[in-house]
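Novice:
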Amino acid sequence: MPYPNRRDFLRQAPLFGVAGLAAGCATASNPEPEAVRPVVVSTWQHGQAANAAAWEVLTSGGRALDAAEAGVRVTEADPAVRTVGLGGRPDRDGVVTLDAALMDGSGRCGSVAALEGFVHPISVARRVMEVTPHVMLVGDGARDFALAEGFTPTELLLPETRREYQVWLRDNPGYRPPINVENHDTIGLLTLDRQGGLAAACTTSGAAYKYHGRVGDSPLIGAGLYVDGEVGAATATGWGEAVIRACGSFLVVELMRQGHLPAEACRLAVERVIAKNPDYREIQVGFIALDRYGRSGGYCIQDGFDYAVYSPSQANEMIVPPSKLGQHE
Ligand code: ASP
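The numbering used here applies: residue 157 is where the sequence shown begins, and numbers increase by one.
#1: Could you tell me whether any non-hydrogen atom of the ligand GTP is closer than 8 angstroms to the CB of Ala-363?
#2: Could you check the C-alpha separation between Ala-156 and Leu-312 for me, to the nearest Å?
#3: Is it buried or exposed, Ala-184, if we count other Cβ atoms within 10 angstroms and call 16 or more buried?
#4: So if DSSP puts Thr-310 in a beta bridge, which residue, or which two residues, is it bridged to?
#5: Leu-177: buried (16+ other C-beta within 10 angstroms of its C-beta) or exposed?
#6: I'd like to check one pair, Ala-210 with Val-196: are the Cβ atoms closer than 9 angstroms?
#7: According to the neighbour-count rule (16 or more other Cβ atoms, all chains shown, within 10 Å of its Cβ), is Lys-480 buried or exposed?
#8: Tell me the residue span of the beta strand (DSSP E) that contains Glu-473.
#9: For Tyr-331, I'd like the list of residues in its chain whose CB is within less than 8 angstroms of its CB, leaving aside the five on either flank, ordered along the chain.
#10: With Ala-419 and Ser-405 assumed to form a contact (beta carbons below 8 angstroms), what rounded beta-carbon distance in angstroms separates them?
#11: Any idea what DSSP makes of Tyr-321, helix, strand or coil?
#12: Determine whether the beta carbon atoms of Ile-343 and Leu-376 lie at a separation below 9 angstroms.
#13: With a threshold of 8 angstroms, establish whether the CB of Ser-267 neighbours any heavy atom of the ligand ASP.
#14: My output table needs one value for Leu-481: the three-state DSSP class, helix, strand or coil.
#15: Can you list, in chain order, the residues of its chain whose CB lies under 6 angstroms from that of Gly-180, leaving out five sequence neighbours each side?
#16: Can you give the Cα-Cα distance for Val-251 and Ala-191, rounded to whole angstroms?
#17: Counting beta carbon pairs with one atom in the segment 438-445 and one in the segment 453-467, are three or more of them shorter than 8 angstroms?
#18: Would you check if the segment 258-267 and the segment 356-367 touch, i.e. whether three or more CB-CB distances between them fall below 8 angstroms?
#19: Does the ligand ASP have a heavy atom nearer than 8 angstroms to the CB of Glu-397?
#20: Is Thr-253 close to the ligand ASP? I mean its beta-carbon at under 8 angstroms from any heavy atom of the ligand.
#21: Return the first residue and the last residue of the beta strand (DSSP E) that Ile-278 is part of.
#22: Can we say the segment 313-323 touches the segment 402-417, given the rule of at least three CB pairs closer than 8 angstroms?
#23: Which same chain residues, not among the five before or five after His-290, have their C-beta less than 7 angstroms away from its C-beta?
Below, the structure is given as structure tokens:
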């Protein structure tokens, strides 16, 4: 559906119903929905453990950004998660390089990309935000910064992941990274605190066996995550190149600003990704979104994506969102 212009939007306003309120259109006869707080939403099964840590922070009165960072640090430190932090799969040269970013509702954000040798890139990203005049540091510069800030370097390539890599090397004489629906399960986590503050954090080892130096969507503000305190927050997972082409998370937030509920905003953003990626049947992309009223939703290209929601009415539940190509269409 093309975006309505302002006149059309007003004419169609009844069609947008309650969703229109997210764009700040509340009136006396159409009051704002009551906000549900706090809320944590995050991608994939490993999101449940991350949500639990974020929930702890939020229910103790903590702020959205602290909760988002605390949540994803759990996933970064979990050696069983092959797609984030410690234990993440390496690039095609056998080096684990990490991407991470975080943002709050005021627009403050920090990011690192292609960072080697630190378990918690999300905390390095936060430090970039807090102590430098920049948003993003990459590669050796990010590493030097992390060392100077006192982060402890760690070997991230675990023996089992190394063995898997060696099998991949043997079976892929073309040395070409796979483009498929598997092998990428970034943790993207969205928080709404009791005071109404919003934040997002996103951290990943990126696409398995990628080119050395490849940066995905996750550390890119607007692609892998985006937050606007007046609207909501969104994050992405899946084939990062496809998300970058659509500036995916920014798009989800802007669609919510136009009045779409989170699930519908995610669906429309996936449609945009599909329009820009002719190979969409071969890839997975999923979005999750949380608006400032605590409403959440998600959508993806293929079946197989799920996300976890922790709120006063949803006890860290796994949600299977509808998908474009799958049975939940
Ligand atoms: N989006 C990430 C990337 O392309 C991968 C993922 O979602 O796991 O780097």
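All residues carry an ideal CB built from backbone N, CA and C; glycine is no exception.
Specialist: On the basis of the supplied data:
#1: Within the structure as shown, the ligand GTP is missing, the only ligands being the ligand ASP.
#2: The question about residue 156 has no answer here: the residues shown for the chain are numbered 157 through 485.
#3: exposed
#4: Looking at the DSSP assignment, Thr-310 forms no beta bridge with any residue, so it has no partner.
#5: Interpretation of Leu-177 is limited by its pLDDT of 46, a score under 50 that renders its predicted location unreliable; no figure is taken from the coordinates.
#6: yes
#7: The residue is buried, with at least 16 neighbouring Cβ atoms inside 10 Å.
#8: 473-475
#9: Closer than 8 angstroms at Cβ, skipping near neighbours: Arg-248, Leu-325.
#10: Not confirmed; about 15 angstroms, so no contact.
#11: helix
#12: no
#13: If you check the C-beta of Ser-267 against the ligand ASP, you find no heavy atom less than 8 angstroms away.
#14: coil
#15: Since pLDDT at Gly-180 reaches only 47, below the 50 mark, its modelled position is unreliable, and the value read off the structure follows with that caveat. Sequence-distant partners of Gly-180 (beyond 5 residues in either direction) whose C-beta falls short of 6 angstroms from its own C-beta are missing from its chain.
#16: Rounded to whole angstroms, Val-251 to Ala-191 spans 44 angstroms at the Cα level.
#17: yes
#18: yes
#19: yes
#20: no
#21: Unbroken run through Ile-278 is the alpha helix (DSSP H), 277-287; no beta strand (DSSP E).
#22: no
#23: Val-284
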